[in-house]
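J.: Dropping a structure here in structure tokens format, bear with me for questions.
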Amino acid sequence: MNGDLFSLIFAMIFVPCLFLGWHSVSNWLRIRRVQKAFRSLPEGFRQQILNQIHEAGSQANICSVLVASEPNPSASPCVNSKYGGLPYAEEGDEWPFLKPGHPEQASFLIQVKLDETFPRPWAGRMLVVFNRHDREQTVRSYATPTIERSVKLTGAPPEREWTLQQIRVPRQQFDDPRTEENHFNGLLDYDPVVLLQTIPALNADLARFTKRPADLLSAILVPNHCSYGFEMSDIVQLGGRPEWLLEEPDGCLCNQCGRSMRFLFQFGDLNGGQLLGSSGVCYVFGCDEHPEQPLAFAQFVHPQVST
Ligand SMILES: [Zn+2]
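Just so you know, we're using this note's numbering here: the sequence shown kicks off at 133 and counts up by one.
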């Protein structure tokens, strides 16, 4: 009897441990495989896949994503979208502080140049976001950013810089467009599994390098994320509907006129750091009548400590 009891307790402990161990090892192997496949891609292949998505998205655009690449030393990043490095600024600007009178400077997070998929007065405008280590962030808005107008700010040591390339995302196919239902059960339009179904030609191209095309496509879209999928905090989405990390706020109203504001973009910590807390996402909204005063606020899974 004691022997049976001992065997039962042993099985109750050993079997779950064995399962968890197997799960961790297979997860680790899957990550290693996708990283190896990504590193083995021939030069230009990643851009070819991104171009295919962008081309499909240009015909039936739902939103865009900004994908990160190493900065090109010969290009001038100051008037383009980027994450980290030094921010775009114009004559008279100073590096913002965490709060008025606070001695510590805010960290520069991202600058996004809005394209012509946005209506006036947003198309061509540059938005620059600084992290105040609080829920609401500092965001500056420039109507006509140019290299001639740009000035260099000296301030907080920059985070690692990534150039951001805009890729238009095609609308996913629904069985019934009115109810927006399909077998993906609410997956995003730029989820790799969805993209492979929306653009079937991607499957054959990716299958030359992997047995799991969705894993490799994920690495192509988010190359600095060391896994085979990605979370809301790993991407930059422009336009479309905001994808809320937590509950949808009651309403994003303009401080000046009280009208509902337009969703512009959202982003997470592309450097994999903790600037937006652990896996936080920052949302940027703007009023069409008051484009100089957009609003940027973050949602955190684990709230930051205010300074
Ligand atoms: Zn307004």
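Here a beta-carbon is modelled for each residue, glycine too, at the ideal position from N, C-alpha and C.
Within 8 Å: the Cβ of H315 and any heavy atom of ligand 1?
T.: False, no ligand heavy atom lies under 8 Å from that Cβ.
J.: Could you spell out the range, first to last residue, of the beta strand (DSSP E) harbouring C346?
T.: Contrary to the premise, residue 346 reads as Ala rather than Cys in this sequence. Per DSSP, A346 belongs to no beta strand (DSSP E); it is in the alpha helix (DSSP H), P345 to L353.
J.: May I have all residues whose beta carbon comes closer than 7 Å to any heavy atom of ligand 1, sorted in chain order?
T.: Residues with a Cβ closer than 7 Å to any heavy atom of ligand 1, in chain order: C386, Q388, C389, R391, C419, E421 and H422.
J.: Answer yes if the region 322–337 comes into contact with the region 215–235, meaning at least three C-beta pairs across the two stretches below 8 Å, and no otherwise.
T.: The region 215–235 vs the region 322–337: no contact.
J.: Spatial neighbours of L152 within its chain, please: C-beta separation below 6 Å, excluding the five flanking residues on both sides.
T.: None.
J.: So that I know if they touch, is there some Cβ in chain C lying closer than 9 Å to that of A333?
T.: Protein chains in the displayed structure number just one, and chain C is not present.
J.: For R373 versus F395, is the C-beta distance shorter than 9 Å?
T.: Yes, the Cβ-Cβ distance between R373 and F395 is below 9 Å.
J.: Taking C-beta to C-beta, are A351 and A169 nearer than 9 Å?
T.: In this structure, A169 lies closer than 9 Å to A351 by Cβ.
J.: Which parts of the region 134–202 are runs of the beta strand (DSSP E), unbroken and 3 residues or longer, counting only runs that do not cross its ends?
T.: Fully enclosed beta strand (DSSP E) runs of 3 or longer: 193–201.
J.: If you check the beta carbons only, do L285 and E236 fall under 9 Å apart?
T.: No, the Cβ-Cβ distance between L285 and E236 is not below 9 Å.
J.: Out of S239, R164, R391 and C195, state which residue places its alpha-carbon closest to the alpha-carbon of R292.
T.: Of S239, R164, R391 and C195, the residue nearest in Cα terms is S239.
J.: For R303, which of Q425, A143, D382 and L327 has the nearest alpha-carbon?
T.: Selected option, being the one with the closest Cα: L327.
J.: Which word fits V160, buried or exposed, when buried means at least 16 other C-beta atoms lie within 10 angstroms of its C-beta?
T.: The sequence as given places Trp at residue 160; Val does not occur at that position. Label assigned to W160: exposed.
J.: Counting pairs of beta carbons, one from the region 271–278 and one from the region 419–431, are three or more of them closer than 8 Å?
T.: The answer is yes - the region 419–431 touches the region 271–278, with three or more Cβ pairs under 8 Å.
J.: Need the endpoints of the beta strand (DSSP E) that N335 sits in, please.
T.: No beta strand (DSSP E) holds N335; the alpha helix (DSSP H) holding it covers A333 to A339.
J.: Taking the beta carbon of R257 as the centre, do at least 16 other beta carbons fall within 10 Å, making it buried, or is it exposed?
T.: Its Cβ being crowded by 16 or more others within 10 Å, R257 is buried.
J.: Take the Cβ of C419 as the centre, count every other Cβ of all protein chains shown within 10 Å, and call the residue buried at 16 or more, exposed below.
T.: It counts as buried.
J.: Quick check on T295: does DSSP put it in helix, strand or coil?
T.: Strand at T295.
J.: Would you report the Cα separation of F138 and V147, rounded to the nearest angstrom?
T.: Cα to Cα, F138 sits roughly 14 Å from V147.
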